[in-house]
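**Q** Starting off with a structure, shown below.
Residue numbers (the numbering used here), protein chains in the order written: chain A, 445 to 703; chain B, 445 to 703.
In structure tokens form, the structure reads like this:
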């Protein structure tokens, strides 16, 4: 495990290496592969089943992944299955988008969550046990401020298609206002170059759950005359609640849970 | 494939053999195993990703599983992963149930879907390509009338726990009224011996989607003073819509989709 952390830190710390096609990341995958699918420890819940439970919103309100599932989750996230699962979601979203007739008022919006949806924090989570360590807002904010998060390639593809089709994009994130400059620069840097709005959390939203906060933001969008035709996120709290959108899309994320 | 169908029919047709611990079913699993996880064909979408897309409600309105995923789905359903995935869901439901304070009025109900939730139609689907063949109401109704469906062991366990804890059980199913006797006998036969109601579809409900039909039934329950504390099903249409219940639980089912 220590060796793994050392490798992960060494490999992933440098900015230039924070992308999905890096040969060193592939080497990391190789190191993880021998235990793929075994679920790690072997006692109790299978890590495959745990992931099923999480992705289907059966297992809720958890703070960290099971310790024995670190290698399984790490391998899933760095390996091809995470990408393939994301591709399937994006394919459905694209098919749905092309089936729509855009309204003439320019008010058809598609909501994009940011973390693990538009941007990937995998370089950060690879250094923090893929969700085994409790979430630390301070160190995560430091990571945000590096502006080094790569795009989730599949989501970026969808974003570009939606822009071409004429939809407006609203980024709706639980990130705080104080990270606005870093977040917007990071989005632009990786290819999300235009948007209708980037909605971030104010300090006054602090006590609201993500579900409450995002529901309120969407309600305001609808009040302002927008029609939410689609909504994509990695957390069920992005997609449930009021005014979720005409259709919602759930990307994979077995690393953390936001209520 | 023909050999497989032959074996499946021979193995699964007999009533006594329609259970999960049958050595002949285990033999079937063995025959399927060599292609486990490969996704069958190899072109296009991975069957693992397809299952992710289906279980997370990203892929909707599909009528049959991809032909190349028949062996994958068959192996999943007959193998240990389906059972393990079900166990995880039931474990969460049980934890939630034990956290509740039962009201004194005896009106706390838990809704159970029937097919692929309380009862398993695996013996039927194993003879029909695990969802590769289009759904056929006539032959499925014939299967219902045999009253041979085994219980999903994990769900039966939850049912018994909930009864012990004092909850009332309402079975809410898309099965038609004309199958009521067979359905109730089948439920009793496998261990579901008591209930508050068994709600089945009337011919007049025929044009409603399952989501609309089940929402209306739940609305009526609430109107009648019941409190829906939990709701378990294998389809998202069991769990979305109005009055879904205070918490919902999604069992695995990669074989068919009901809107």
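Note that beta-carbon positions come from the ideal geometry of N, C-alpha and C, so glycine has one too.
Quick caveat, the model's predicted, so the values are computed rather than measured.
What beta strand (DSSP E) runs, 3 residues minimum, are completely inside the region 650-684 of chain B?
**A** The qualifying runs are 671-677.
**Q** Alpha helix (DSSP H) containing residue 643 of chain B: first to last residue?
**A** Here residue 643 of chain B refers to the residue found at position 199 of the second chain. No alpha helix (DSSP H) contains residue 643 of chain B, which is instead part of the beta strand (DSSP E) from 641-645.
**Q** Alpha carbon to alpha carbon, how far is residue 649 of chain B from residue 703 of chain B?
**A** Taking the second chain and counting its residues from 1, the one referred to as residue 649 of chain B is at position 205. Taking the second chain and counting its residues from 1, the one referred to as residue 703 of chain B is at position 259. Whole-angstrom Cα-Cα distance: 14 Å.
**Q** Does DSSP put residue 648 of chain B in a helix, a strand or coil?
**A** For the purposes of this step, residue 648 of chain B is taken as the residue at position 204 of the second chain. Helix.
**Q** List the residues of chain A whose Cβ lies closer than 8 Å to the Cβ of residue 503 of chain B, in chain order.
**A** The residue labelled residue 503 of chain B in the question sits at position 59 within the second chain. 532, 536, listed in chain order.
**Q** Quick one: residues in its chain with C-beta nearer than 8 Å to the C-beta of residue 596 of chain A, no 5 flanking neighbours on either side, listed in chain order?
**A** Counting from 1 along the first chain, the entry for residue 596 of chain A is found at position 152. 530, 560, 561, 562, 563, 564, 695, listed in sequence order.
**Q** Using a Cβ-Cβ distance under 8 Å, would residue 600 of chain B count as near chain A?
**A** Counted from its first residue, the second chain places residue 600 of chain B at position 156. Chain A contact via Cβ: absent.
**Q** What do you reckon, are the CB atoms on residue 657 of chain A and residue 618 of chain A nearer than 8 Å?
**A** For the purposes of this step, residue 657 of chain A is identified with residue 213 of the first chain, where counting begins at 1. For the purposes of this step, residue 618 of chain A is identified with residue 174 of the first chain, where counting begins at 1. Contact flag set, yes.
**Q** May I have a chain-ordered list of the alpha helix (DSSP H) segments no shorter than 4 residues that lie completely inside the region 504-581 of chain B?
**A** Runs found: 514-522, 524-543, 566-570.
**Q** Measure the C-alpha to C-alpha separation of residue 478 of chain A and residue 593 of chain A and round it to an integer number of angstroms.
**A** On the first chain, position 34 is the one that residue 478 of chain A refers to. On the first chain, position 149 is the one that residue 593 of chain A refers to. Because residue 478 of chain A carries a pLDDT of 38, less than 50, the predicted location of this residue cannot be relied on, and the following value inherits that uncertainty. One C-alpha to the other measures close to 28 Å.
**Q** Count the other CB atoms within 10 Å of the CB of residue 502 of chain B; is the residue buried (16 or more) or exposed (fewer)?
**A** Looking up residue 502 of chain B in the second chain gives position 58. Buried, by the Cβ-count rule.
**Q** For the region 546-561 of chain B against the region 656-673 of chain B, do three or more pairs of beta-carbon atoms, one drawn from each stretch, fall closer than 8 Å, so that the two count as touching?
**A** With a cut-off of 8 Å, the region 656-673 of chain B and the region 546-561 of chain B count as touching, because enough Cβ pairs lie within range.
**Q** Tell me whether residue 632 of chain A sits in a helix, a strand or coil according to DSSP, three-state version.
**A** One-based indexing of the first chain puts residue 632 of chain A at position 188. Looking at residue 632 of chain A - three-state DSSP - the assignment turns out to be helix.
**Q** When the Cα atoms are used, what is the spatial distance from residue 584 of chain B to residue 590 of chain A?
**A** Numbered from its first residue, the second chain carries residue 584 of chain B at position 140. Numbered from its first residue, the first chain carries residue 590 of chain A at position 146. Computed Cα separation, rounded: 58 Å.
**Q** If we call anything under 8 Å between Cβ atoms a contact, is residue 647 of chain B one with residue 678 of chain B?
**A** In the second chain, the residue the question calls residue 647 of chain B occupies position 203. In the second chain, the residue the question calls residue 678 of chain B occupies position 234. The answer is no: Cβ separation not under 8 Å.
**Q** Just the chain A side, please: which residues come within less than 9 Å of residue 489 of chain B by C-beta, in chain order?
**A** Counting from 1 along the second chain, the entry for residue 489 of chain B is found at position 45. What residue 489 of chain B touches in chain A: 528, 531, 532, 535.
**Q** So that I know if they touch, is there some Cβ in chain B lying closer than 8 Å to that of residue 497 of chain A?
**A** To locate residue 497 of chain A, count along the first chain from 1; it is residue 53. At least one chain B Cβ lies under 8 Å of residue 497 of chain A.
**Q** Any idea which residues DSSP pairs residue 613 of chain B with across the strands?
**A** Here residue 613 of chain B refers to the residue found at position 169 when the second chain is read from its first residue. In DSSP, residue 613 of chain B forms a bridge with B:554.
**Q** Determine whether the beta carbon atoms of residue 642 of chain B and residue 627 of chain B lie at a separation below 8 Å.
**A** Counting from one through the second chain, the residue named residue 642 of chain B turns up at place 198. Counting from one through the second chain, the residue named residue 627 of chain B turns up at place 183. Contact flag set, yes.
**Q** Any beta carbon of chain B sitting closer than 8 Å to that of residue 494 of chain A?
**A** Within the first chain, residue 494 of chain A is the residue found at index 50, counting from 1. So, interface residue.
**Q** Is the shortest distance between the beta-carbon of residue 658 of chain A and the beta-carbons of chain B less than 8 Å?
**A** Taking the first chain and counting its residues from 1, the one referred to as residue 658 of chain A is at position 214. Not closer than 8 Å to any Cβ of chain B, the Cβ of residue 658 of chain A fails to qualify, so no.
**Q** With the cut-off set at 8 Å, would you say residue 612 of chain B and residue 577 of chain B are in Cβ contact?
**A** Residue mapping note: residue 612 of chain B aligns to position 168 of the second chain, counting from 1. Residue mapping note: residue 577 of chain B aligns to position 133 of the second chain, counting from 1. No, Cβ-Cβ distance for residue 612 of chain B and residue 577 of chain B is not below 8 Å.
**Q** I'd like to know if residue 584 of chain A contacts chain C, where contact means its C-beta is closer than 8 Å to some C-beta of that chain.
**A** The structure shown contains no chain C; its protein chains are A and B.
**Q** Near residue 686 of chain A, which residues of its chain fall below 6 Å by C-beta distance, leaving aside the five closest residues on each side in sequence?
**A** Position 242 of the first chain, counted from the first residue, corresponds to residue 686 of chain A. Excluding positions up to five away in sequence, the list reads 659, 663.
**Q** Confirm, please, whether the CB-CB distance from residue 609 of chain A to residue 541 of chain A is below 8 Å.
**A** As a first step, residue 541 of chain A is located in the first chain; it is residue number 97 there, counting from the start. As a first step, residue 609 of chain A is located in the first chain; it is residue number 165 there, counting from the start. In this structure, residue 609 of chain A lies closer than 8 Å to residue 541 of chain A by Cβ.
**Q** Where does residue 632 of chain B land, buried or exposed, given buried means 16+ other C-beta within 10 angstroms?
**A** Locating residue 632 of chain B in the second chain gives position 188, where the first residue counts as 1. With fewer than 16 Cβ atoms within 10 Å of its Cβ, residue 632 of chain B is classed as exposed.
**Q** Which one of A:635, A:495, A:491 has the shortest CA to CA distance from residue 604 of chain A?
**A** Walking along the first chain from the start, residue 604 of chain A turns up at place 160. The option with the nearest alpha carbon to residue 604 of chain A is A:635.
**Q** Let me make sure I understand the geometry here. Which of A:505, A:682, A:672, A:683 has the alpha-carbon closest to that of residue 690 of chain A?
**A** As a first step, residue 690 of chain A is located in the first chain; it is residue number 246 there, counting from the start. Cα-wise, what sits closest to residue 690 of chain A is A:672.
**Q** I need the straight-line Cα distance from residue 524 of chain B to residue 532 of chain B, nearest angstrom please.
**A** Here the question's residue 524 of chain B lines up with position 80 in the second chain. Here the question's residue 532 of chain B lines up with position 88 in the second chain. Their backbone Cα atoms lie some 12 Å apart in a straight line.
**Q** Taking the CB atoms as reference points, tell me whether residue 505 of chain B and residue 700 of chain B lie closer together than 8 Å.
**A** Locating residue 505 of chain B in the second chain gives position 61, counting from the first residue. Locating residue 700 of chain B in the second chain gives position 256, counting from the first residue. Contact: no.
**Q** With DSSP collapsed to three states, give me the class of residue 686 of chain A.
**A** Position 242 of the first chain holds residue 686 of chain A. Three-state result, residue 686 of chain A: coil.
**Q** To the nearest angstrom, how far is the alpha carbon of residue 575 of chain A from that of residue 588 of chain A?
**A** Taking the first chain and counting its residues from 1, the one referred to as residue 575 of chain A is at position 131. Taking the first chain and counting its residues from 1, the one referred to as residue 588 of chain A is at position 144. Each residue's Cα considered, the two are about 17 Å apart.
**Q** For a quick check, are the C-beta atoms of residue 551 of chain A and residue 674 of chain A less than 8 Å apart?
**A** Residue 551 of chain A sits at position 107 when you count from the first residue of the first chain. Residue 674 of chain A sits at position 230 when you count from the first residue of the first chain. Against a cut-off of 8 Å, the Cβ pair of residue 674 of chain A and residue 551 of chain A comes out as no contact.
**Q** With a cut-off of 8 Å, does the C-beta of residue 512 of chain A fall near any C-beta of chain B?
**A** On the first chain, position 68 is the one that residue 512 of chain A refers to. False, the Cβ-Cβ gap to chain B never drops below 8 Å.
**Q** Can you list the residues of chain A that residue 696 of chain B reaches, using a CB-CB cut of under 7 Å?
**A** Within the second chain, residue 696 of chain B is the residue found at index 252, counting from 1. Chain A residues near residue 696 of chain B: 496.
**Q** Under 7 Å Cβ-Cβ, which residues of chain A neighbour residue 500 of chain B?
**A** By 1-based counting over the second chain, the position of residue 500 of chain B is 56. Here the neighbours are 499, 500, 694.
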